[in-house]
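Read the structure below first, then the notes.
4 protein chains.
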Amino acid sequence: MRRLRMGMIGGGPGAFIGPVHRIAAEMDREIELVAGVFSSDAGRSRAAGESYRIDPARAYPDLDTMFAAEKAREDGIDFVSIVSPNHHHLPAARAALAAGLPVISDKPATTTFAEAKELAGHVAAAGLPYGLTHTYSGYPLVREARARVAAGQIGTVRKVVVEYPQGWLAGEAVGKQAEWRVDPARSGPGGCIGDIGTHAFQLTEFISGQEVTEILADLGAVVPGRQVDDDCTVLLRFSNGARGVLLASQIEVGEMNGLRIRLYGDKGGMVWKQEVPNTLTLHTLDGRTEIIHAAGTQIGPDAASRTRTPTGHPEGYLEAFANIYRDFAAVLRGEEAPLLPGIDTALRGMAFIATAVEASNNRAGWVPLTV
Amino acid sequence: MRRLRMGMIGGGPGAFIGPVHRIAAEMDREIELVAGVFSSDAGRSRAAGESYRIDPARAYPDLDTMFAAEKAREDGIDFVSIVSPNHHHLPAARAALAAGLPVISDKPATTTFAEAKELAGHVAAAGLPYGLTHTYSGYPLVREARARVAAGQIGTVRKVVVEYPQGWLAGEAVGKQAEWRVDPARSGPGGCIGDIGTHAFQLTEFISGQEVTEILADLGAVVPGRQVDDDCTVLLRFSNGARGVLLASQIEVGEMNGLRIRLYGDKGGMVWKQEVPNTLTLHTLDGRTEIIHAAGTQIGPDAASRTRTPTGHPEGYLEAFANIYRDFAAVLRGEEAPLLPGIDTALRGMAFIATAVEASNNRAGWVPLTV
Amino acid sequence: MRRLRMGMIGGGPGAFIGPVHRIAAEMDREIELVAGVFSSDAGRSRAAGESYRIDPARAYPDLDTMFAAEKAREDGIDFVSIVSPNHHHLPAARAALAAGLPVISDKPATTTFAEAKELAGHVAAAGLPYGLTHTYSGYPLVREARARVAAGQIGTVRKVVVEYPQGWLAGEAVGKQAEWRVDPARSGPGGCIGDIGTHAFQLTEFISGQEVTEILADLGAVVPGRQVDDDCTVLLRFSNGARGVLLASQIEVGEMNGLRIRLYGDKGGMVWKQEVPNTLTLHTLDGRTEIIHAAGTQIGPDAASRTRTPTGHPEGYLEAFANIYRDFAAVLRGEEAPLLPGIDTALRGMAFIATAVEASNNRAGWVPLTV
Amino acid sequence: MRRLRMGMIGGGPGAFIGPVHRIAAEMDREIELVAGVFSSDAGRSRAAGESYRIDPARAYPDLDTMFAAEKAREDGIDFVSIVSPNHHHLPAARAALAAGLPVISDKPATTTFAEAKELAGHVAAAGLPYGLTHTYSGYPLVREARARVAAGQIGTVRKVVVEYPQGWLAGEAVGKQAEWRVDPARSGPGGCIGDIGTHAFQLTEFISGQEVTEILADLGAVVPGRQVDDDCTVLLRFSNGARGVLLASQIEVGEMNGLRIRLYGDKGGMVWKQEVPNTLTLHTLDGRTEIIHAAGTQIGPDAASRTRTPTGHPEGYLEAFANIYRDFAAVLRGEEAPLLPGIDTALRGMAFIATAVEASNNRAGWVPLTV
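Chains as they are written, first to last, in this note's numbering: chain A, 1 to 371; chain B, 372 to 742; chain C, 743 to 1113; chain D, 1114 to 1484.
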């Protein structure tokens, strides 16, 4: 079975996320990076192609050139991976789908909910696979948590607390990664809520198996002069009546990438932390606490199939990311990959961002979340 | 210098908090338990007196008898400690103050804000010391955190996140400790918000040096049939504009007494967790993380004066509690103890509970917090 | 039931361990400090008595005076607690036993094994209780560990690893606590091995239920000019053939009081750490990991009877110490307290120190450990 | 710059380490797996080739065939990676070197010290690069630790404690991974000491910058019937006089891959743990504790150049492994890679194993370690 061929859009010099996608895509040898438009600047695109060690002829200056050239090759790309800043997502995806290419995209899916709906239309019209790299749902123990909730191990979910603290934007937003994220023209109206809040949001629904139906949002721009939110509190209500809280911040000095989620039901509780991702803590109503180890004897098939090393040999962010690409590869091969975040997740995420921003601006209290 | 003599009100058979107060009060040999009305049932009061090994003659059946008898003794009590359920707090404090006795009381100070204002009147009229046992502000590293914030180590406080998860009321409320806490007649209108939310609230103001000026409260009664809240989310705004979040819950299965607080400023961040109380984590904007150890070389006088063992020899809840009593003893001896929570803290705590309960019931959004 | 009356020997100004014994002894109100010879200097003894708030008349200048005066009182002391440096232990205990007073003593029991044997003779001749404050065996979860090993939860014990790292003597030994510990005339021939190695040794036997039968010792004096060992490695063999390792050091910079022990059998494993004493980790051969919480629902009677606060309210060093005193009080009242370290433990500990020092000096390889 | 082409020896169906080497080698796109003799069984070799998605024609039945066929290709392999059980290491390396191919090999380098010396002769004669995959020295924070020790941050190293507990061989040795490891014919005379003890040994020298000059070994075969050691204690002396302890075990039930190392000097101490590899703890003599984060602002060039994600995005075992391959690729390209373990490390490791096994068998006490 040959490796699938990937064309990358974005990921040029200075973008940390390009190499991350490349490593993740290739980790299981199901996919190979062969081409790309790594920058809208032709020279920078070429330079990036070189750094990725791909055929120089396949580091293209623009999308049209890439699509045409690759179509003409027998070994042309099978899909594109969009890793550029948010405002490029929709145009890139639209063009790729129009060229008959499946799309996997970094999140958030677009800059606005309207764009997301447009995107969903293109995906439906093209009838092609679409994947969204919500990395954290690729962690084996996140999938274990989901499976255990579905199996009723914590009973009826009553409460979900998800926190996503970061501190790297506590000062001035300096550097390529920071600048576009605090610029509404490139990131969309949401800052922190779109950049990391949407990850946290996705995780609550992914693990709990419930949908968020109502939210109360309080977003703030703490750093003087900042034009987008950098500190977010969102209260949640889920479809089954469960209560929830989502905290996301990029001004909490010293926090690195502290995503963590806790779910509580009437029979148990569960805790997972991204920075120590290889354990899952399980509590039961009778007072027992169990530690579940990645790749250990106590984990089920969803998690077991997504680890590559024995227990005690830590896997991390790149491996979780690779699991998303493995799911996407499976879909491209016509297999089932029900845990791959797709266009529905994209729509829900963008609805969440839009609703939160608007409700917060209006101090609107509780508002419904609808897609 | 003789030991101060304490009369206890409440703390009878089955009340875990009575022995806790007794141990805490006596730990530094500044105070001695000598008398008490441990129960409104005379026989149970006597039995408790025996378990405390006090003079049987001084285990009284009611307050009036105690006050009269103790006044008549040369070695009569110097003050009372009120450790009974909330609805007894005001009557007991009123009677003690009327009898000329200083009062130290468990929290919350009363059942309602109106009662708290009445209490404040009695305290003012009596001109006697009043202390409130917000235990967690007795931890050495909480005091270290406060001192460091005051010294500007994290710069201007921008964000405070306090969480107080417990799980022990996730099922039916069974047993002496649980039953009165979920009965509004005895606990007051607040359940979780009064029992533990008020601790979390006090901690935010104690460490940050800021006052909460506005809140948005979302309290829920998750366990079917429960008449008071058991799960609380409260958004906070502080006097300097800082944002805050307070989470408290008693239905988070597996959580024990997980109080933790994080403060972030424009120069640094700080994290403290009650269940591992002997370390304080300090982050600086330039990316350094330092661990401050209780009784270690890096701590200042407020914390250093409140430890009893060398670094690495863990102190805990009882020692923190003892620090509150040490402060109270200092006040009784006419010394300064500016960190002792007193009647102002009592008023603010009860205003917080009342405001949160009312605002949540009315889905009122942001409301001012005034005393 | 009246409180037992304690006379302290040692614990004068500057000795941190005196107040620790006082707090521990009094915590459960079974014992009361009423008298003492706190220093061989009469003035310092008086000053210490004042700081303990005891009757000034009962802060004595020497042992003979104390024993005579207390005997003459109706409310005279019931026992003595010896908390002075090691070289005072034997003379103080001998005198107390001769005066008909039970003894509880800090460890190590004496300075040499010969002295320990002499002490054992006095204890036997007097027919009086003798207790040794191996504090760490007073921790509830240490007792839980012992009970679980005895119940076969980890199967046949095969391996014990105990580590006791400290760093406070990594530089020059400065101050009252440090100076006598590095002076063989006062501490005995063992430095680190006697000060903390003996705690680690006691813990291995206490929890495993096995006796050490052979050792191989490698003691070093790392700090230039030091006259006693400050860094120790000792290999162990237990009576059932189990292997063991004991590491103790006082020159490991940054280590505070890092005592920890791990036991492995053919069915499971167990880990306990003094600096986070309120959890015990349990592993089973089939790959499960369970966290046992102090005062939680999963603990047995030995541990449950030795906690004073609900789960999540940390207890620490002082409470563990108090458990030793509670055992001793029980013995004085004629009750059973099988977990109290006594004269047999004293003998084994001193034999361990003597054997380790001699074997290390002689580079003797494996040698039997006999009492 | 083209990718280097790797031929794998070993790594057939059921061998977890084959895919690990493949992922590690390819992670940075400097190397590509293109060929292999994955099993001595031709059919199994083909099947493995398919699972790796390489050209079926390049999954060879034996070494000679591979070397001949690859030599004949313009795009033939540039080097081999040996990932088979130990007894294949020498013959495979010898043949590869004879065929003019550089070698990177899993550890231990050979089964015996005599073999290692023979290997060293072949490497010297061939004048070709040789690398040894001591994975753990590829972790960024291990390199940070090494750099900090070299820079004098902990002063003169006085003490090194390395522990490598595992539990997976506590029961019967079942399965492909376990069986050969407990068979002296395939693993060599050392069991645990060779499988993991040698990693621990290498780490002590790598970080401390000192060589071990003397050892005292106590190896045991704890599981009944086991023919090689499964539990090891080795005392160490370093070239500068520093003391050391090495603990390795495969029968410590519940331990996964708990490698951890602590180094102490006269100015500071340092702690690193493989299972939480993205932090390094640094202690200073004046009582400060600092946490160093991988990819954080406080790390130096050796570590910074070996991370792929921002701080807080955990990297793990595969990334550390990839760092070894990146070093090896650098060497193949003629660049400097001074941290790559090579033939000298191989010789020292095999000398360590041989000396430890022999000294333990003879109960020889302290013996010199010479290469």
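Where a beta carbon is used, it is the ideal one built from N, C-alpha and C, also for glycine. Since the structure is predicted, the reported quantities are computational estimates derived from the model, not experimental observations.
With DSSP run on the structure shown, which of helix, strand or coil describes residue i?
{"i": "residue 1567 of chain D", "result": "No statement about residue 1567 of chain D is possible, as the shown extent of chain D runs from 1114 to 1484 and does not include it."}
{"i": "residue 1059 of chain C", "result": "helix"}
{"i": "residue 1247 of chain D", "result": "coil"}
{"i": "residue 1132 of chain D", "result": "helix"}
{"i": "residue 6 of chain A", "result": "strand"}
{"i": "residue 911 of chain C", "result": "coil"}
{"i": "residue 436 of chain B", "result": "helix"}
{"i": "residue 530 of chain B", "result": "strand"}
{"i": "residue 1481 of chain D", "result": "strand"}
{"i": "residue 32 of chain A", "result": "strand"}
{"i": "residue 1067 of chain C", "result": "helix"}
{"i": "residue 1172 of chain D", "result": "strand"}
{"i": "residue 331 of chain A", "result": "helix"}
What first and last residue would you give for the alpha helix (DSSP H) that runs through residue i?
{"i": "residue 180 of chain A", "result": "176-181"}
{"i": "residue 1067 of chain D", "result": "Not covered by the structure: residue 1067 of chain D. The range shown for chain D is 1114 to 1484."}
{"i": "residue 1091 of chain C", "result": "1085-1103"}
{"i": "residue 1255 of chain D", "result": "1253-1263"}
{"i": "residue 861 of chain C", "result": "855-868"}
{"i": "residue 187 of chain A", "result": "184-187"}
{"i": "residue 1361 of chain D", "result": "From DSSP, residue 1361 of chain D is part of no alpha helix (DSSP H) but of the beta strand (DSSP E) over 1356-1362."}
{"i": "residue 672 of chain B", "result": "672-675"}
Going by DSSP, what residues sit across from residue i in a beta bridge?
{"i": "residue 1385 of chain D", "result": "D:1374 and D:1393"}
{"i": "residue 1331 of chain D", "result": "D:1346"}
{"i": "residue 661 of chain B", "result": "B:653 and D:1403"}
{"i": "residue 846 of chain C", "result": "C:823 and C:873"}
What is the residue span of the beta strand (DSSP E) that residue i lies within?
{"i": "residue 605 of chain B", "result": "602-609"}
{"i": "residue 40 of chain A", "result": "Taken as a continuous stretch (DSSP letters only), residue 40 of chain A belongs to no beta strand (DSSP E), as it is neither H nor E."}
{"i": "residue 88 of chain A", "result": "Element bounds for residue 88 of chain A: n/a, residue is neither H nor E."}
Inset, instruction - Would you list, in chain order, the members of the segment 1369-1403 of chain D that have their beta-carbon closer than 9 Å to a beta-carbon of chain B? - result: Residues passing the 9 Å Cβ filter: 1392, 1394, 1399, 1400, 1401, 1402 and 1403.
Inset, instruction - Taking 8 Å as the threshold, find out whether the segment 346-365 of chain A comes into contact with the segment 429-441 of chain B through three or more Cβ pairs. - result: Cβ pair count under 8 Å is below three, so no.
Legend entry - Any 3 or more C-beta pairs closer than 8 Å across the segment 586-596 of chain B and the segment 631-642 of chain B: They do not touch, by the three-pair rule.
Legend entry - Residues from the segment 1415-1441 of chain D in contact with chain A, defined by Cβ distance under 8 Å: Correct list: 1421, 1422, 1423, 1424, 1425, 1426, 1427, 1428, 1429, 1430, 1431 and 1432.
Inset, instruction - Could you name the residues of the segment 919-940 of chain C whose beta carbon sits closer than 8 Å to any beta carbon of chain A, in the order they occur along the chain? - result: For chain A, none of the residues of the segment 919-940 of chain C brings a beta carbon within less than 8 Å of one of its beta carbons.
Inset, instruction - Could you say if the segment 1303-1311 of chain D and the segment 1336-1348 of chain D meet the contact criterion of at least three C-beta pairs nearer than 8 Å? - result: These segments touch.
Inset, instruction - Please name the residues in the segment 452-471 of chain B whose beta-carbon is closer than 7 Å to at least one beta-carbon of chain A, in chain order. - result: Contacts with chain A (Cβ-Cβ distance below 7 Å) from the segment 452-471 of chain B involve no residue at all.
Legend entry - Segment contact flag, the segment 306-326 of chain A with the segment 173-183 of chain A, C-beta cutoff 8 Å, min 3 pairs: Contact between the segment 306-326 of chain A and the segment 173-183 of chain A is not established, with fewer than three Cβ pairs separated by less than 8 Å.
Inset, instruction - Would you check if the segment 709-721 of chain B and the segment 782-789 of chain C touch, i.e. whether three or more CB-CB distances between them fall below 8 Å? - result: Contact fails: fewer than three Cβ-Cβ distances are below 8 Å.
Legend entry - Segment contact, 8 Å Cβ cut-off, at least three pairs: the segment 621-630 of chain B with the segment 234-241 of chain A: The segment 621-630 of chain B is not in contact with the segment 234-241 of chain A.
Inset, instruction - Please list the residues of the segment 783-799 of chain C that have a C-beta atom closer than 8 Å to any C-beta atom in chain D, keeping them in chain order. - result: Of all residues in the segment 783-799 of chain C, none has a Cβ within less than 8 Å of some Cβ in chain D.
Legend entry - Three-pair Cβ contact test at 8 Å for the segment 481-494 of chain B versus the segment 667-677 of chain B: Too few Cβ pairs lie closer than 8 Å, so no.
Inset, instruction - Name, going along the chain, the residues of the segment 533-547 of chain B whose beta-carbon falls closer than 7 Å to a beta-carbon of chain A. - result: With the criterion set as a beta carbon lying under 7 Å from some beta carbon of chain A, the members of the segment 533-547 of chain B are 538, 541 and 542, in sequence order.
Legend entry - Short-range partners of chain A found in the segment 1123-1141 of chain D, where Cβ spacing is below 9 Å: From the segment 1123-1141 of chain D, only 1129, 1132, 1133, 1135, 1136, 1139, 1140 and 1141 have a Cβ closer than 9 Å to chain A.
Inset, instruction - Please list the residues of the segment 204-230 of chain A that have a C-beta atom closer than 8 Å to any C-beta atom in chain C, keeping them in chain order. - result: Result list empty, no residue passes.
Inset, instruction - Could you say if the segment 1258-1265 of chain D and the segment 1235-1243 of chain D meet the contact criterion of at least three C-beta pairs nearer than 8 Å? - result: Judged by Cβ distances under 8 Å, the segment 1258-1265 of chain D makes no contact with the segment 1235-1243 of chain D, as fewer than three pairs qualify.
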